[in-house]
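Notes to accompany the following structure.
4 protein chains.
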Amino acid sequence: MKTKRVAFFLLASLLLSLGASAQRPDAGTQVVDSIEAQHQAYADVALQIWKFAETGYQEVKSSALLEARLAAAGFSVQKGVADIPTAFVASYGSGKPIIAFIGEYDALPGLSQEAVPERKPVMTGAPGHGCGHNLLGTAAMAAAVAVKDWLASDHRQGTVRYYGTPAEEGGEGKIYMVRAGLFRDVDVAVSWHPGDSNQASTGSNLANISAKFRFHGIAAHAAAAPDKGRSALDAVEAMDMMVNLMREHVPQETRIHYIISNGGAAPNVVPDFAEAYYIARHPDMQVLDGIWQRITDAAKGAALGTSTTMDMEILGGDYNVLPNSHLSGLQNKNLQRLGGLKYTNEERAFAEALQKTMLGPVRPLGSEEKIQPQSSSITPASTDLGDVSWNVPTVGLTTATWVPGTSAHTWQATACGGMTIGIKGMMLAAKTMALTGVDLFSDPSNIQKARAEFEQRKGNVTYKPVIGDRKPPLDYRKQ
Amino acid sequence: MKTKRVAFFLLASLLLSLGASAQRPDAGTQVVDSIEAQHQAYADVALQIWKFAETGYQEVKSSALLEARLAAAGFSVQKGVADIPTAFVASYGSGKPIIAFIGEYDALPGLSQEAVPERKPVMTGAPGHGCGHNLLGTAAMAAAVAVKDWLASDHRQGTVRYYGTPAEEGGEGKIYMVRAGLFRDVDVAVSWHPGDSNQASTGSNLANISAKFRFHGIAAHAAAAPDKGRSALDAVEAMDMMVNLMREHVPQETRIHYIISNGGAAPNVVPDFAEAYYIARHPDMQVLDGIWQRITDAAKGAALGTSTTMDMEILGGDYNVLPNSHLSGLQNKNLQRLGGLKYTNEERAFAEALQKTMLGPVRPLGSEEKIQPQSSSITPASTDLGDVSWNVPTVGLTTATWVPGTSAHTWQATACGGMTIGIKGMMLAAKTMALTGVDLFSDPSNIQKARAEFEQRKGNVTYKPVIGDRKPPLDYRKQ
Amino acid sequence: MKTKRVAFFLLASLLLSLGASAQRPDAGTQVVDSIEAQHQAYADVALQIWKFAETGYQEVKSSALLEARLAAAGFSVQKGVADIPTAFVASYGSGKPIIAFIGEYDALPGLSQEAVPERKPVMTGAPGHGCGHNLLGTAAMAAAVAVKDWLASDHRQGTVRYYGTPAEEGGEGKIYMVRAGLFRDVDVAVSWHPGDSNQASTGSNLANISAKFRFHGIAAHAAAAPDKGRSALDAVEAMDMMVNLMREHVPQETRIHYIISNGGAAPNVVPDFAEAYYIARHPDMQVLDGIWQRITDAAKGAALGTSTTMDMEILGGDYNVLPNSHLSGLQNKNLQRLGGLKYTNEERAFAEALQKTMLGPVRPLGSEEKIQPQSSSITPASTDLGDVSWNVPTVGLTTATWVPGTSAHTWQATACGGMTIGIKGMMLAAKTMALTGVDLFSDPSNIQKARAEFEQRKGNVTYKPVIGDRKPPLDYRKQ
Amino acid sequence: MKTKRVAFFLLASLLLSLGASAQRPDAGTQVVDSIEAQHQAYADVALQIWKFAETGYQEVKSSALLEARLAAAGFSVQKGVADIPTAFVASYGSGKPIIAFIGEYDALPGLSQEAVPERKPVMTGAPGHGCGHNLLGTAAMAAAVAVKDWLASDHRQGTVRYYGTPAEEGGEGKIYMVRAGLFRDVDVAVSWHPGDSNQASTGSNLANISAKFRFHGIAAHAAAAPDKGRSALDAVEAMDMMVNLMREHVPQETRIHYIISNGGAAPNVVPDFAEAYYIARHPDMQVLDGIWQRITDAAKGAALGTSTTMDMEILGGDYNVLPNSHLSGLQNKNLQRLGGLKYTNEERAFAEALQKTMLGPVRPLGSEEKIQPQSSSITPASTDLGDVSWNVPTVGLTTATWVPGTSAHTWQATACGGMTIGIKGMMLAAKTMALTGVDLFSDPSNIQKARAEFEQRKGNVTYKPVIGDRKPPLDYRKQ
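Chains as they are written, first to last, in my numbering: chain W, 127 to 605; chain S, 127 to 605; chain Z, 127 to 605; chain G, 127 to 605.
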């Protein structure tokens, strides 16, 4: 059966390419042109979501807009997947291969900003797209639609999917979607992220685990009967101290950080409740698991040593991204084919003004025109895409949606994402991913190689989401 | 309605004083009878304030009611003293001696409770008179008025004052009034406090100092650049640790307690701000001063050792009460003369029901009928009366306004203060203090002895309010 | 006046003894006189042991000397009891009651000192009798012999015992003797201790427990592979920190102190071994047990939180002394009968010279002539007599063997114990205890009352030695 | 006997150099052959020093032997330089360039071991050459002599020096020699170190600073008057804690490690003295300086916060090695020319037996035959050669003197250094360095390029020895 299908697929490819080469532009040109033809339409979608600026799990209007556009483009849309109202999967075609484009669309609290090169919130304290997810979700849609159109026009077999993944910023929507099995049959996941340069990296990032450690003691009047009390704050400080001692004895790439999210109610009462909020990170989830066990032991030891009790609530945990050199190679090839960005005079003036608001030496202007060489460095950040990448061969990409030198999670990033500079970067990403999509559908060996590398890198690790059976924290941005 | 009741009250007073002058009973009998004659009127005032249940510096209606009654009784009232709207001094007479009766009338947050022997808030979360200050302020007024009436009828020289002192619970109104010089010419201050037994103690309590230690560091992304950050929370924990080490090296009666009132904003950011809220106590303010210096050094050392900066805001500080055995002897004598309280059947049923809500072995029912022997023990609590006592010979008193076994700052205390059990205790206190007032005006040697003992106990200590030039924290209960 | 009084006393004594000898002097006079008759002999024994100056469990010559004298006086001596070569029990008589006199004879390291009022070691660094146990052991022997002689001359039934208890200073010889059952049949234990005043106290002292907490980690090169190491020193510091946090939450009379007896071998190696040496104390062993449990939990919590392991070695533990007011009353009566000490001119000069070497305000000269009133205060020290007192009704006594103002464990104490001042105090103690012995043998109600009080004070506590099944640490002073 | 051997050695040298000049091989071949001709003589020297096994600053016989050999070879020897009896400089020739060969010869405590592949100390607890410095000093001498012979035979200008640098293991002899100006006029310093592979690295290592922090408090009886004491151990623990907090906020390559070298004398006394012994390291001394300042601030903050005082004694501090790629390139070229080592059957059997005593996966046998590619990694160790390298262009080298898999500072390393395997590696190092010496004297551009790179790398850093004006710690290994 399998052999027959492959044979058919090869034959079909051959015929198609023969036919294509005769009168039709090559598939790559076709998808790139089809995206460019929708430049204004996609810009409108991105700017609309930029204005919605909805935070994690509250992306009602943003997800509805994307769903509507995908439906209009011929996708069938399954809404509210994985018990998350703003998560969805849009699908076109049937059978294998199944290629997924990953979309995000949540904004960040407090980063409201007009599209001007000076600090000026649209509404003080309101959310803003400081991580460029309005561009992220739109480019992924553009790529999916372009590949779908090409598939359709070419009568090719296979499935194109768009995954609407909410709450990347701390809500970890993708992990709940992975847990729900939504990625089970996917062959390759194609994704990207806004940035301040153009690059198809083969590197990775940090796995992380976050949790609240809650300690329970016995209240007592701190002046009259402190000996009758058992301080939960003592436990928090003892845990912290043991973790600080531990810093010497973990690999140096480890990161452990905490706040005391509840340090007692009133100084004249021995606190019967106190809470520490921890995040730990390491480039390798397997190593991090061992470190996390020791952090948990520090919490247990602190409870034991202070006559208190402890319970831990895991808030989340992202796997590190499992890189895929073969897939990155495709993205890099396609990015090179398309080249960097060219600012207009107005954009350059905007960029120069914006750079003046940044501290320290920054990436120079002009670098947006170039494609950075591939790199395998570790980014000190975490993303729920990591969990996708341990289940499906996954590839990323960065384009210069932000003026060189711009950091993520800044008002500067919000500003760029609301004007033409952001849109240009978004269009480059959409086209690059569409080309990669074509590569994957056109040449089955790409998928085979990506899968083989995936299996080799994954080794004998059994993926197990850190979140366990926790429900999606749909309210984590409310309050 | 109100006007009518006042008119009746005035008439009754008139009749009583006429009757009194007719047969000329001894001064003690006269003041006791005059108070008892107003039983219902004073009960009404106390219950009115109980219903107002206004917290510190918000006692607008409570202070206005007391001011009005004192004015109606012939006192001249100076309102809004010491830059505090709800502080006042009511005065009658002229020249020496000057005897002060001390009134309080602030309620406590969260202790709203109906006058029933089971937990039942009038309004959930609302304030309530859990420390009996509705009784406190009213009894002091009753004593002041009775002594004033006697002075007037006897044409004696001297001045009776009533000090309306707000915000005893954490706001330390008296200290600002002391600082403003309002007690400068007073010869003796007579005070009392609600309790669950009848006693004229010669003991003392704990001086205290409270402050917030605020640390300032440098924020940085905790995963990407923790080495660029300087954690203010590190400083708080380092300070706490040094204070915990210090516990071994302070006199064992010392109390030091703290909460972490701000332990960082988000775990993925190195906290650039963190705050610890400390209270320290010791039976002797002079010793406490030295301990406080060391706590401050711990804060400075923590800032130095964590590359952060620190500033401290003193929130308050009460002197320990300087006891006066001579004055306590007078109160004890007068308390013995009057004897304890007698519950009705209904009151006893209430008391029995209330005791069932208390944990552990408690003072037995029936003890409200007795007068406890004098004691010189140290109460592990603090009061702004302490500052008065280092400026003026001061005497206290406790009566059983609460069912035996009741602790201060409980709903049980609120309940008792809103019904006849509280009123009975209040009347006993008013009469005892009035008798002491008569003793002081009648026999100048009492004042001389009290002053001599005061000077001897005070020694060469120069009183200096801990609050320095801080303004009254009029908003400390708002929020 | 004074001289007259003494003269009268002597005359009275004379008359009394004359009268007594006529018809058999009273028993008290008999034992007092028999001790005084041996003044020089007992002084020789005490000074001999003073010169031996043997430390805990090394008291070979000292114990042999006492054994020889007791044997010579007619006692049967059982040597090397409780597996301790220098422990012994000397016994005379048979049957009930059984009265025990408690002797000690160990010296202290480093306190070698000639019997002169300026610092001058016999041999620098050598041991010396800085706690007066040369006097302690001799006086107890004198009392035992005198009571035995009286029993014998009077043909009374009963048993007199002398307990030779070594290593009171840290070796806790008595506890091993108690554990061996040697006190099981004793009715009353009579003891005393050298001091700088004369007093029969009804107070108590502090129970204590001491132990070493040993932590085991994993060594690693601290520069090359600190993440491979698990620091045992981390565990010690974590334990210490949790204990310091605990200080706020134990009764204020508690004492917890520690050193880090092993803090790692070399800074460039992650320590795989570290050790903390703890002592905890409280006036009540039952309370201390609970606190010790929490200290142990802190050690366990520290091991858990630092990925190390822990083992604890209990080094010792003294019960607090269970006082016996009835027995103290007898001692007090007898001490009053005998009166204080009278210095010669030479002794006074010595005392004055010695006081000049002391800091701060000290007990005045002349106080040695007085008997201090009984007191029930808590002495902040520990003794293995505590364990005896929970098994047998026990009584203590202090006499002024040291110049007023002298502290225990000082060269000044050693100096006094080697000359007539120490001997005078010793003789007073011997006579007082002998009189108490006579009281106990003469009047059975004394023993009954002592026993009844003992049972009442002990309550339902089951005595269990802290040392468990540990062997006597015979080498603790070697090294 | 010794004299005869020396005479023979001199004669042999003479004959060889005569022979050499006859046929005039290339300079490289000449120096390599001249070293090989002395194989047994150099082996004898190395084994002699191996047997001396003298620790730092105690290398009296070892330095005397090397001095004698260098004098015999025609060098003029200046003994006892820099106020260090076992430091010396041997010099031959005059004028520029001046090329220095660096020798070390101190052993390590406790690593005594026979030259057998199982643990067997020559004398238990005695020192041993666990870091191969017997080979180090001998190879440098062989290179110096060979280059000198070639210079002499070629009548070239320039100076060859041998620096006898004692106490590399913790005594930092070179730094005192640098401070004394002994390297001021040197053009290039050529050095090497024993290892388990052959490599001419361009990497660096860790700068370090070590010191003792001594805290002084106030002693007090820990049970009777803990409030009178100020614990120096508290200060040590507070310092440690603040340093542990600091770990999060230093670059991740930083290493900070400590022991508590004095943690108090007795638990019942509040410690008035305690001491922490710290080492800190970082790849860059300039960064380390800033970190050290913060560690010192933690110590000061701890003293302030615990009412104690602190003094710090700097024990030492090595600069990181400033690499020189040009010079490493020469060493690499010469190492490649000579090739790796070939074991005999007996050596291979020894190596196999030795590898069986090692844990974990180790470098495979056979790797000694290869030359490792150059690498720029950071070795997590420190050496006083670092200070030389900031004053003079300096180059290192590693050869496989130890069986692959052997770590420094082990008995296995001692064993290898006492038999033919160590000697073979030593000979390879001697020849490589001699070839490099020839390169430097032959082609002035090598020195110019090395200098230029040195200046560029050094930048505007002003070298300042960490030790300040501290005297050489000549007794640091006594005790």
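Think of the CB as a built atom: it goes at the ideal place given N, C-alpha and C, for glycine as much as any other residue.
Bear in mind the structure is a predicted one, so any value in this text is a computation, not a measurement.
- The C-beta of T558 of chain Z has 16 or more other C-beta atoms within 10 Å across all chains shown, which makes the residue buried.
- When C-beta atoms of the stretch 478–494 of chain G are compared with those of the stretch 414–424 of chain G, fewer than three pairs fall below 8 angstroms, so the two segments do not count as touching.
- Using a 10 angstroms sphere on the CB of R463 of chain S, the tally of other CB atoms stays under 16, which defines it as exposed.
- Look at the stretch 362–382 of chain S: the residues with a C-beta under 9 angstroms from a C-beta of chain G are E363, A364, M365, M367, M368, V369, L371, M372, E374, H375, V376, P377, Q378 and T380.
- Only those residues of the stretch 314–347 of chain W whose C-beta falls short of 9 angstroms from the nearest C-beta of chain S are listed: L332, N334, S336 and H347.
- Nearest Cα to H255 of chain W within the set W:G594, W:V518, W:L448 and W:W537: W:W537.
- R420, D423, A424, K426, G427 and A428: these are the residues of the stretch 411–428 of chain G whose beta carbon lies less than 7 angstroms from some beta carbon of chain S, given in chain order.
- With respect to chain G, the C-beta atom of A350 of chain Z has a partner C-beta closer than 7 angstroms.
- Using a 10 angstroms sphere on the CB of H408 of chain Z, the tally of other CB atoms reaches 16 or more, which defines it as buried.
- In the three-state scheme derived from DSSP, where H, G and I count as helix and E and B as strand, Q325 of chain Z is classed as strand.
- For G254 of chain S, the pairing in a beta bridge is given by DSSP as S:L234.
- Around the C-beta of G296 of chain S, 16 or more other C-beta atoms lie within 10 Å, and the residue is accordingly described as buried.
- Unbroken beta strand (DSSP E) stretches of 3 residues or longer found wholly inside the stretch 180–243 of chain S: 202–205, 214–220 and 224–229, given in chain order.
- Interface residue (Cβ-Cβ distance to chain Z less than 7 angstroms): G431 of chain W is classified as such.
- When Z:H319, Z:P397 and Z:A555 are compared, the shortest CA-CA separation from H535 of chain Z is found for Z:H319.
- Around the beta carbon of A163 of chain Z, fewer than 16 other beta carbons lie within 10 angstroms, which makes this residue exposed.
- Minimum Cα-Cα distance from L456 of chain G among the listed residues G:A576, G:K584 and G:A216 corresponds to G:A576.
- For D437 of chain G, the enclosing beta strand (DSSP E) has its first and last residue at T435 to D444.
- In this structure, the straight-line span from the alpha carbon of G284 of chain W to that of W176 of chain W is close to 32 angstroms.
- Counting along the chain, T155 of chain W sits inside the alpha helix (DSSP H) bounded by residues A153 to A163.
- As a beta-bridge residue in DSSP terms, A315 of chain S pairs with S:A226 and S:T520.
- Secondary structure of F309 of chain G (DSSP, three-state): coil.
- Residue environment analysis places S571 of chain W among the exposed positions, since fewer than 16 neighbouring C-beta atoms fall within 10 angstroms of its C-beta.
- Taking a beta-carbon distance threshold of 7 angstroms, I405 of chain S counts as an interface residue toward chain W.
- Collapsing the DSSP output to three states places R245 of chain S in coil.
- Here DSSP, grouped into helix, strand and coil, assigns E472 of chain G to helix.
- Taking C-beta atoms as the reference points, V157 of chain Z and A315 of chain Z fail to come closer than 7 angstroms.
- Contact between the stretch 495–511 of chain S and the stretch 247–254 of chain S is absent: fewer than 3 CB-CB pairs across the two stretches fall below 8 angstroms.
- Distance between F227 of chain W and M303 of chain W, taken at the CA atoms: about 14 angstroms.
- Taking a 10 Å sphere around the C-beta of A194 of chain W, we find fewer than 16 other C-beta atoms and assign the residue as exposed.
- Secondary structure note for S451 of chain S: its alpha helix (DSSP H) is the uninterrupted segment S451 to L464.
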